[in-house]
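> So the sequence shown is numbered by UniProt numbering: it starts at 1 and just counts up by one. First, the structure itself, so that you have it in front of you.
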Amino acid sequence: MPAANCSRHSNAVEATVAVLLALECGLGLLGNVVALWTFAFRLKVYKPYAVYLLNLVAADLLLAVCLPFHAAFYLSHKTWPLGHASCRGLLFLQVLSRGAGIAFLTAVAVDRYFRVVHPRLRVNLLSPRAAWGVSGCVWLLLLGLSHRSLLVSEAECPGLEPRGELSLSALWQEALFSAQFVLPFGLILFCNARIVRTLRGRLRDPDRQPRLQRARALVTVVVVLFAACFLPSFLARVLVAVSRGVGGCRVLGAMVHVSDVTNGLTYLQSVLNPAVYCFSHPAFRRSYRRVFNTLRGRGREVEAPGDINDSYC
């Protein structure tokens, strides 16, 4: 086990992570505020998948609000001047919101799987009210799983520092993160593979091929988003664990720096999820196009005709 003084700071790494977190905060807030506005003023019919998407927006907004504080942590060379209680609270909100984002992204994939692959099952008759009940249960489950974030030691809050052995709470956090990646990612891969296979067999009519292409695009977006945001951090955490057991201080310090950067990439989820919204409902695509054109100084664009209640899910 490396000695307790293995911790090393890197100004370049800490500045990079802080800038990354600040960018993710700004872009995540913009993208999800537009999504929330679309839910409030553009969507006229809520289906279960829309309920899950709305909860995903809420989780992403909560995560984005936490990021400036985490960026300040890195700008202060991984020190927290606001007290241990607030540090624990920040870590708890981050773990909760990131876990909720993963859960509801998975729920969208599972809902789409049943509707496409098993359209005759009674689960597809789930009402929006029942979907809200499912969402409430998800939040309660995640609250129970995340509460140990409030018990981490000062040395491990809010970042992972190689200072001797990890506490039970920190080990729980590592196990929770691994489970939140491996299980949902495996489920999403399975669902999406079956969806693509089913659509390939059903939609042979050339007139229906555009719908097939949109479904494939949505499948690709979900899988790529999940892999890009969480796979690097998962692998880095594995390397940190291996380095703790057999590596020296130099190797462990380098792996922790890699883990810091890849952990910052996990928050890209709140930035990239709007791509899922765009492929899930045309109203989101119109809203984001309007904002993009406004930022470019092109003014409002005339909307193409179409049914606002159409959905690709």
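Cβ atoms here follow ideal geometry from the backbone N, Cα and C, with glycine treated the same way. Every value quoted in this text rests on a predicted model; they were computed, and no experiment measured them.
Thinking just about the alpha-carbon of each residue, which of P232, L96, A58 and R112 is nearest to the one in L30?
A58
> Cutting at 8 Å between CB atoms, please list the residues of its own chain near C278, excluding the five before and the five after it.
Cβ neighbours of C278 beyond the five flanking positions: F284, R285 and Y288.
> Put S76 into one of helix, strand or coil per three-state DSSP.
coil
> Three or more C-beta pairs closer than 8 Å, one from the stretch 11-20 and one from the stretch 257-264: is that the case here?
yes
> Mind checking W37: buried by the 16 CB within 10 Å criterion, or exposed?
exposed
> If we call anything under 9 Å between Cβ atoms a contact, is L222 one with L93?
Residue 222 is actually Val in this sequence, not Leu. No.
> Can you tell me whether N124 is buried or exposed, with buried defined as 16 or more other CB within 10 angstroms of its CB?
exposed
> Under 8 Å Cβ to Cβ from A109, same chain only, skipping five residues before and after it: list those, please.
L187, I188, C191, N192 and V222
> Determine the direct distance from the alpha carbon of R237 to that of S178, and round the result to whole angstroms.
Cα to Cα, S178 sits roughly 9 Å from R237.
> Does P119 come out as helix, strand or coil in the three-state DSSP assignment?
coil
> What is the DSSP secondary structure of C9, counted as helix, strand or coil?
Looking at the sequence shown, residue 9 is not Cys but His. DSSP places H9 in coil when its eight states are reduced to three.
> Mind the definition here: the stretch 21-35 touches the stretch 70-87 only if three or more C-beta pairs lie below 8 Å; say whether that holds.
Three or more Cβ pairs drawn from the stretch 21-35 and the stretch 70-87 lie within less than 8 Å of each other, which places the two stretches in contact.
> Over what stretch of residues does the alpha helix (DSSP H) that includes T294 continue unbroken?
P282 to L295
> Please classify C137 as buried or exposed, where buried requires at least 16 other C-beta atoms within 10 Å of its C-beta.
exposed
> Determine the direct distance from the alpha carbon of L96 to that of L61, and round the result to whole angstroms.
12 Å
> By the 10 Å Cβ neighbour count, where 16 or more other Cβ atoms means buried, how is A175 classified, buried or exposed?
exposed
> Quick test of your reading: Y267 and L142, contact by CB under 8 Å. State the CB separation rounded to the nearest angstrom.
That belief does not hold up - the Cβ atoms of Y267 and L142 are roughly 17 Å apart, past 8 Å.
> How big is the Cα-Cα spacing for I102 and L272?
Cα to Cα, the separation comes out at about 13 Å.
> Secondary structure at E161, three-state DSSP: helix, strand or coil?
Unreliable positioning characterises E161 in this predicted model, as indicated by a pLDDT of 47, which lies under 50. The coordinate reading is nonetheless provided below. Coil, per DSSP.
> Classify residue 318 as helix, strand or coil using the three-state DSSP reduction.
Any property of residue 318 remains undetermined from this structure, which presents the chain solely from 1 to 313.
> Using alpha carbons as the reference points, say which of G89, P119 and A275 lies closest to T198.
P119
> Kindly provide the ranges of any alpha helix (DSSP H) runs that are 4 or more residues long and lie completely inside the stretch 247-279, ordered along the chain.
249-265
> With respect to the alpha helix (DSSP H) encompassing P128, which residues constitute its N-terminal and C-terminal limits?
P128 to S146
> Evaluate L218 with the Cβ neighbour count: other Cβ atoms within 10 Å of its Cβ, from every protein chain shown; 16 or more gives buried, anything less gives exposed.
buried
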